[in-house]
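Residue numbers (UniProt numbering): 1 to 87.
Glycine is no exception: its CB is placed at the ideal position from the N, C-alpha and C atoms.
Take a look at the structure below.
Quick look at the structure:
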């Protein structure tokens, strides 16, 4: 889990805009403990990440994105908040 807090943001949308997602972070994050907003950002990042015409990389990104999306929806359906805005 990252140490990121989103307490200073007015809305979840503002918090989402602050996330500087990287491919390394998206590929290595623990989707079961990361904040839900970060899991969603990781999946979105991988959907547009440059795979450089390497089909193995593309396949890895797609597989990882499916894991992230699955974790996101499972946790969202359980009622978890996207992030803690400190309120």
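Residue 75 by DSSP, collapsed to three states: which one?
helix
Drop a sphere of 10 angstroms on the beta-carbon of residue 45, count the other beta-carbons inside from all chains shown, and report buried for 16 or more, exposed for fewer.
buried
For a test of the three-state rule: what should DSSP assign to residue 18, helix, strand or coil?
coil
With 16 as the cutoff for other CB atoms within 10 Å, does residue 59 come out buried or exposed?
exposed
Any idea what DSSP makes of residue 10, helix, strand or coil?
coil
Cα separation between residue 83 and residue 54?
34 Å
Using only the alpha-carbon positions, how far apart do residue 39 and residue 23 sit?
12 Å
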